Amino acid sequence: RLAAMGADHLINYKADESWGVTARRLTGGRGVDHVVEIGGAGTLTQSIAATRLQGNIALIGVLAGFAGNVPTAAIMAGNVRINGLTVGSRVQQIAMVRAIEANGIKPVIDRSFALNAIAAAFRHQASGAHFGKICLEW
137 RLAAMGADHL INYKADESWG VTARRLTGGR GVDHVVEIGG AGTLTQSIAA
187 TRLQGNIALI GVLAGFAGNV PTAAIMAGNV RINGLTVGSR VQQIAMVRAI
237 EANGIKPVID RSFALNAIAA AFRHQASGAH FGKICLEW
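First residue of the sequence shown? That's 137 in this note's numbering, and the numbers climb one at a time after it.
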């Protein structure tokens with residue numbers, strides 16, 4: 137599905153334990169400019185391996201663990217910038233939605249749930265069967 141959406145290269149991180157090295161190879165050894173890191177400590181090493189010299193990693197999640205070894209030497213050697221990001225306020229969310237709409241961005245939505253079905257939405261997320269965003273409507 138990602139290829140149909142225009143992706144030039146695809147890496148299945150579940151099938152490729154060295155996906156950071158693969159990403160670097162796909163960029164001719166340069167590395168990627170930006171990584172959106174959702175795994176946290178469990179995948180940070182691969183994100184660093186994938187990132188170019190003076191590249192950026194946006195740490196937005198901890199799905200693979202809250203704590204772990206941090207490869208400080210690799211961060212320093214690559215002059216990699218890591219920024220921790222959290223969810224914004226309601227006002228910021230409204231501004232983001234307006235920007236998405238104004239710019240014609242079409243997020244991939246897997247499925248929408250009514251707010252009273254939030255438990256089903258979390259079960260769907262935990263199943264890993266989704267492709268795209270899981271939404272709650274109220």
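A virtual CB, placed ideally from N, CA and C, is assigned to each residue, including glycine.
Computed from a predicted structure; not experimentally measured.
Which whole-angstrom value is the C-beta distance of residue i and residue j, which I expect to be below 8 angstroms?
| i | j | result |
| --- | --- | --- |
| E173 | I147 | E173 to I147, Cβ: 14 angstroms. No contact. |
| S342 | G142 | Here the chain has residues from 137 to 274 only, and residue 342 is not among them. |
| F249 | A257 | 4 angstroms |
| A177 | A159 | Between A159 and A177 the Cβ distance is about 19 angstroms, and since that is not below 8 angstroms, they are no contact. |
| K269 | I236 | With 8 angstroms as the limit, K269 and I236 do not qualify as a contact, their Cβ atoms being about 11 angstroms apart. |
Straight-line CA distance for residue i to residue j?
| i | j | result |
| --- | --- | --- |
| T187 | I193 | 8 angstroms |
| G214 | N252 | 47 angstroms |
| T222 | R161 | 31 angstroms |
| A238 | A209 | 42 angstroms |
| T179 | E273 | 32 angstroms |
| I230 | I254 | 21 angstroms |
| M232 | K242 | 13 angstroms |
DSSP beta-bridge partners for residue i?
| i | result |
| --- | --- |
| I218 | I193 |
| S225 | DSSP, once it has assigned bridges, lists no residue as partnering S225. |
| H170 | N192 |
| L272 | F249 |
| T187 | V168 |
Relative to the C-alpha of residue i, which residue among the options is closest?
| i | options | result |
| --- | --- | --- |
| A247 | V233, R226, S263 and C271 | Checking the sequence, you will find Arg at residue 247 rather than Ala. Answer by Cα proximity: C271. |
| D169 | S154, Q190 and K150 | Q190 |
| L199 | W274, G264 and R137 | G264 |
| V216 | A185, A151 and E153 | A185 |
| S154 | I254, T181, R166 and Q261 | T181 |
| T163 | A139, D144, K150 and R137 | D144 |
| V171 | A139, A262, Q228 and I218 | I218 |
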